[in-house]
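This report refers to the structure that appears directly beneath it.
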Amino acid sequence: MTRFRESAPGQGSRAPARRGIDTASTPVLVIAGSDRLAAAIEAMLRGHPEWRVVMGSPAELAHVVDDLEPASVIMALPPPAAASALQYLGSRPRVPPVILLAAEPLGAWTAQARRAGVRGVLRDDATAEELTAAVAATMAGLVVLHPTAVIARPIAAARSRKVSERTGLTPRELEILEMMAEGMSNRRIAARLGISGYTVKFHVASVLGKLGAATRTEAVTLGVRHGLISL
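At position 223 of the sequence shown the residue is numbered 223 (the working numbering), and the sequence of numbers has no breaks.
Below, the structure written as structure tokens:
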């Protein structure tokens, strides 16, 4: 296992992975709350020599993601630290697929997490087989969810749709309302969705009008109160 902050010069551990060319150099980044937890995760991945497991701390996330370009990120952090890490990843134009190990999988499968690159959510007591399968699947562009998230998500989505129908918000307006709740500016929303700033302003004005809000903050507050979004 490579410890990112202790990598010796010339070992190649800081070189970007050449996906599809040199599978032995495909890096899998582990961001964990402790060295012990990171080592346990590394042990579960040990049967896959085609992956190079690299450990990093939450404080190193920005540097290691930029420098290493991991093909997959496994994140096992307490909720506050995980939220901060996901906020950073969500601000990047390109993010690797992220697998969250969480005590409550459903609570981890949020719109913010999905926009930050989360493509897998497993319980924090996942087996080695479950974790390695999730890494391979997310690298292939698939989504992997713990069964509780799969079962409960349609129920939450249906509830949100009913409230949305009452307020008249469109799916796009709901998406923008979620981004407003994250504190994103119109410019960032436009960049994330690939639409013009004018279009974002139009949608924001529509959201405020339909919710009867005078400000963005009030719109977010009403959105939470109506069950449209969660913080």
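Yeah, the Cβ is synthetic: ideal placement off N, Cα and C, and Gly gets one too.
Check, Outcome
"Check whether LEU29 and VAL73 have beta carbons under 7 Å apart", "yes"
"Start-to-end residues for the beta strand (DSSP E) that takes in ILE99", "98-102"
"Closest by C-alpha distance to ILE31, when choosing among GLY47, SER25, HIS63 and PRO49", "HIS63"
"Alpha carbon of ALA214 to alpha carbon of ALA134, nearest angstrom", "44 Å"
"The alpha helix (DSSP H) enclosing SER84, as first and last residue numbers", "79-90"
"Close Cβ partners of LEU222 (< 6 Å) along its chain, the five nearest in sequence each way excluded", "LEU211 and ALA213"
"8 Å contact criterion, which ALA83 and ILE41 should meet: CB distance rounded", "No, ALA83 and ILE41 are not in contact; Cβ-Cβ is about 20 Å, not under 8 Å."
"6 Å CB neighbourhood of MET179 in its chain, flanking five on each side removed", "ILE189"
"Alpha-carbon to alpha-carbon, VAL200 and GLN87", "21 Å"
"LEU228 beta carbon less than 7 Å from that of ALA219", "no"
"SER206: first and last residue of the uninterrupted alpha helix (DSSP H) it sits in", "197-211"
"Buried or exposed (CB count within 10 angstroms, at least 16 for buried), PRO49", "exposed"
"Proximity test, Cβ basis, 7 Å: ASP124 and chain E", "The structure shown contains no chain E; it holds only a single protein chain."
"Nearest residue (CA-CA) to ARG225, options SER185, ILE195, ALA181 and ASN186", "ALA181"
"Where the beta strand (DSSP E) through ARG52 begins and ends", "51-56"
"ALA108, buried or exposed, once every other Cβ within 10 Å from all chains shown has been counted against 16", "buried"
"Sub-7 Å separation of PRO78 and GLY117 beta-carbons", "no"
"Under 7 Å between C-beta atoms of MET44 and ALA128", "yes"
"For GLY223, the three-state DSSP class (helix, strand or coil)", "helix"
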